[in-house]
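First up is the structure itself, then whatever we jot down about it.
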Ligand code: GLC
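Numbering (the numbering used here), first residue to last: 47 to 597.
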């Protein structure tokens, strides 16, 4: 007998398509819950919070990297792909965690970081200790420099975190790193690298992992023929070309790698799922999501969109068309560990440069938090009604805002140093969660938190919102539990409204989602309102509010 999720004991259904319309909750482990009191979140902390995740009603958890790491990039610098960082626990703790998640009916997706390792990875250490041209160096991308004595980098490619993408080693050669210097890029032309990642996929799949999130999936294959050709300057937000001309990103040959991954993922029953993180424009994104490859690719369009019914409409329609064409299911994201939280994005005028704003400590302009949270909740409810998977980021269910006033001295994101302090980076969305109103680190752990939490976290803590009618936490719980009824056909019908500030669509089963993007209240369609993102005024839907109406 399948037990219901409410008693926290429902085992995952053996359903190979569970991921197609899943609500996936991203945990950034170092900032979720700290069991051993060292200020850093850990796996035992996650296990202890499984009842919380079950009561939230999510289908799966996506765990950002928890592997051994020197934390040069928050764990995305992996020193060993098949182990747990001792700061976060052990493989035995991992097994306990996954058992607890599964017992609560929650699946587990882990992050896999194939573009680069940590410079502390045994292979990079071996490469450094070996001769230029040796097989050990061939696992990475080493080249001679240019100019007199090879003193200049081999090309003008820039790191995504700022500065040159090349670093020189003792014997004069340079190695490529598209991110921090502690993250040397692998050479994916090397069969040993290809094979080793298949081993890693099997290692975690054998341990019961249900799926993988593939970090910077579009960068593994590079055109390293010389002379090196220019690449887009991603550090300065230049749009990616869609013509395959960039030597570093989104090259056609990358797809053969993911086809080989799919073969491994399909060795399991049910097949393991995968989702590509590929910041590439729409028409190319669907290639990564083909059923012969990863199955899904993150769609960051809503995350990048302004609060406007036409943009939301166009983005949703386009992405659903893509999904139909590729056989993938669509994905939706409003927040993650790399971007300013959506409650803050919507609290700022669209013309505000968010980096400048962060550099100023979040004071110019002052956030309009009331509007920000109202819109964030409305956007979330709209997103949760869409066909496809919704990826949620820890803390958004509490309505957390970006912590914009972190002092320079505490910043950890390599972006801050690498840009010569021109970009503050992503720490403001990675501050440890507040579980209680007070106490050390608001219940995150027993001895402080690795990034300082602001006083206003108290009022947004789990304790402050638990059981509170109208709180953001209770709103998420209600919406996520109701969403389970929306698992039918991946279809959506647009209902045209005379009032263009409304976005209204219908899912099978008479399920309507109506969002008011305008500045005046609007009459709701007939039917029972099952949840709304904010208070209604009778049958009137106020501005910046979404309601689900079942007719
Ligand atoms: C991805 C991750 C990001 C990380 C980068 C390098 O974009 O989401 O956090 O810094 O890859 O691994």
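Ideal placement from N, C-alpha and C gives every residue a C-beta, glycine not left out. Fair warning: this is a prediction, and the values are worked out from it, not measured in the lab.
Outcome for residue i when other beta-carbon atoms lying within 10 angstroms are tallied against a minimum of 16
{"i": "residue 572", "result": "exposed"}
{"i": "residue 70", "result": "buried"}
{"i": "residue 321", "result": "buried"}
{"i": "residue 350", "result": "exposed"}
{"i": "residue 578", "result": "buried"}
{"i": "residue 581", "result": "exposed"}
{"i": "residue 540", "result": "exposed"}
{"i": "residue 367", "result": "exposed"}
{"i": "residue 373", "result": "exposed"}
{"i": "residue 496", "result": "buried"}
{"i": "residue 341", "result": "buried"}
{"i": "residue 241", "result": "exposed"}
{"i": "residue 302", "result": "exposed"}
{"i": "residue 11", "result": "Lying outside 47 to 597, the shown extent of the chain, residue 11 is not represented and no answer is given."}
{"i": "residue 531", "result": "exposed"}
{"i": "residue 167", "result": "buried"}
{"i": "residue 574", "result": "exposed"}
{"i": "residue 61", "result": "exposed"}
{"i": "residue 544", "result": "exposed"}
{"i": "residue 64", "result": "buried"}
{"i": "residue 271", "result": "exposed"}
{"i": "residue 371", "result": "exposed"}
{"i": "residue 329", "result": "exposed"}
{"i": "residue 456", "result": "exposed"}
Backbone secondary structure at residue i - three-state DSSP
{"i": "residue 260", "result": "strand"}
{"i": "residue 215", "result": "coil"}
{"i": "residue 353", "result": "coil"}
{"i": "residue 462", "result": "helix"}
{"i": "residue 113", "result": "coil"}
{"i": "residue 372", "result": "helix"}
{"i": "residue 490", "result": "coil"}
{"i": "residue 636", "result": "An answer regarding residue 636 cannot be provided, because it is not within the stretch 47 to 597 covered by the chain."}
{"i": "residue 274", "result": "coil"}
{"i": "residue 73", "result": "strand"}
{"i": "residue 521", "result": "helix"}
{"i": "residue 599", "result": "The requested residue 599 is not part of the displayed model; the chain covers only 47 to 597."}
{"i": "residue 227", "result": "coil"}
{"i": "residue 157", "result": "strand"}
{"i": "residue 469", "result": "coil"}
{"i": "residue 325", "result": "coil"}
{"i": "residue 403", "result": "helix"}
{"i": "residue 265", "result": "helix"}
{"i": "residue 511", "result": "helix"}
{"i": "residue 142", "result": "helix"}
{"i": "residue 499", "result": "coil"}
{"i": "residue 423", "result": "helix"}
{"i": "residue 291", "result": "coil"}
Bridge partner(s) assigned by DSSP for residue i
{"i": "residue 250", "result": "Looking at the DSSP assignment, residue 250 forms no beta bridge with any residue, so it has no partner."}
{"i": "residue 562", "result": "548, 591"}
{"i": "residue 586", "result": "569, 583"}
{"i": "residue 578", "result": "593"}
{"i": "residue 240", "result": "Beta-bridge pairing links residue 240 to no other residue."}
{"i": "residue 210", "result": "204"}
{"i": "residue 379", "result": "437"}
{"i": "residue 220", "result": "189, 214"}
{"i": "residue 106", "result": "70, 153"}
{"i": "residue 342", "result": "321"}
{"i": "residue 553", "result": "557"}
{"i": "residue 162", "result": "231"}
Cβ separation of residue i and residue j, assumed to be a contact under 8 Å, to the nearest whole Å
{"i": "residue 185", "j": "residue 220", "result": "At roughly 16 Å, the Cβ-Cβ gap does not stay under 8 Å, so residue 185 and residue 220 are not in contact."}
{"i": "residue 86", "j": "residue 526", "result": "Not quite, the Cβ-Cβ distance comes to about 28 Å (not below 8 Å), so this is no contact."}
{"i": "residue 152", "j": "residue 94", "result": "That belief does not hold up - the Cβ atoms of residue 152 and residue 94 are roughly 14 Å apart, past 8 Å."}
{"i": "residue 111", "j": "residue 157", "result": "5 Å"}
{"i": "residue 119", "j": "residue 460", "result": "6 Å"}
{"i": "residue 434", "j": "residue 375", "result": "5 Å"}
Proximity test, residue i beta-carbon vs the ligand MG heavy atom, cut-off 7 Å
{"i": "residue 78", "result": "Looking at this structure, you won't find the ligand MG anywhere; what it does contain is the ligand GLC."}
CB contact check: residue i to chain C, cutoff 8 Å
{"i": "residue 182", "result": "Annotation note: the requested chain C is absent from the structure, which comprises a single protein chain."}
Review point. Would you call the segment 202 to 209 and the segment 445 to 465 in contact, with 3 or more CB pairs under 8 Å?
Key: yes
Point to revise | Cβ contact (3+ pairs, closer than 8 Å) linking the segment 550 to 570 and the segment 581 to 592 | key: Result yes; three or more Cβ-Cβ pairs closer than 8 Å.
Practice item. Specify whether the segment 256 to 263 and the segment 158 to 169 touch according to this definition: at least 3 beta carbon pairs, one from each stretch, less than 8 Å apart. Key: yes
**Study point:** Inter-stretch contact (C-beta, 8 Å, three-pair minimum) for the segment 128 to 138 and the segment 77 to 89
**Key:** yes
Point to revise | Meets three-Cβ-pair contact criterion under 8 Å: the segment 411 to 422 and the segment 387 to 403 | key: yes
Practice item. Could you say if the segment 99 to 113 and the segment 143 to 151 meet the contact criterion of at least three C-beta pairs nearer than 8 Å? Key: yes
Exercise for review: Spell out a yes or no on whether the segment 442 to 449 and the segment 354 to 368 are touching, meaning 3 or more CB-CB pairs, one atom from each, closer than 8 Å.
Suggested key: No, the segment 442 to 449 is not in contact with the segment 354 to 368.
Review point. Would the segment 504 to 515 and the segment 478 to 485 be scored as touching if the rule is three or more Cβ pairs under 8 Å?
Key: yes
Check your understanding: Is the segment 406 to 413 touching the segment 375 to 387 in the sense that three or more CB pairs, one from each, lie closer than 8 Å?
Key -> no
Review point. On the three-pair Cβ rule with 8 Å, is the segment 299 to 314 touching the segment 237 to 251?
Key: yes
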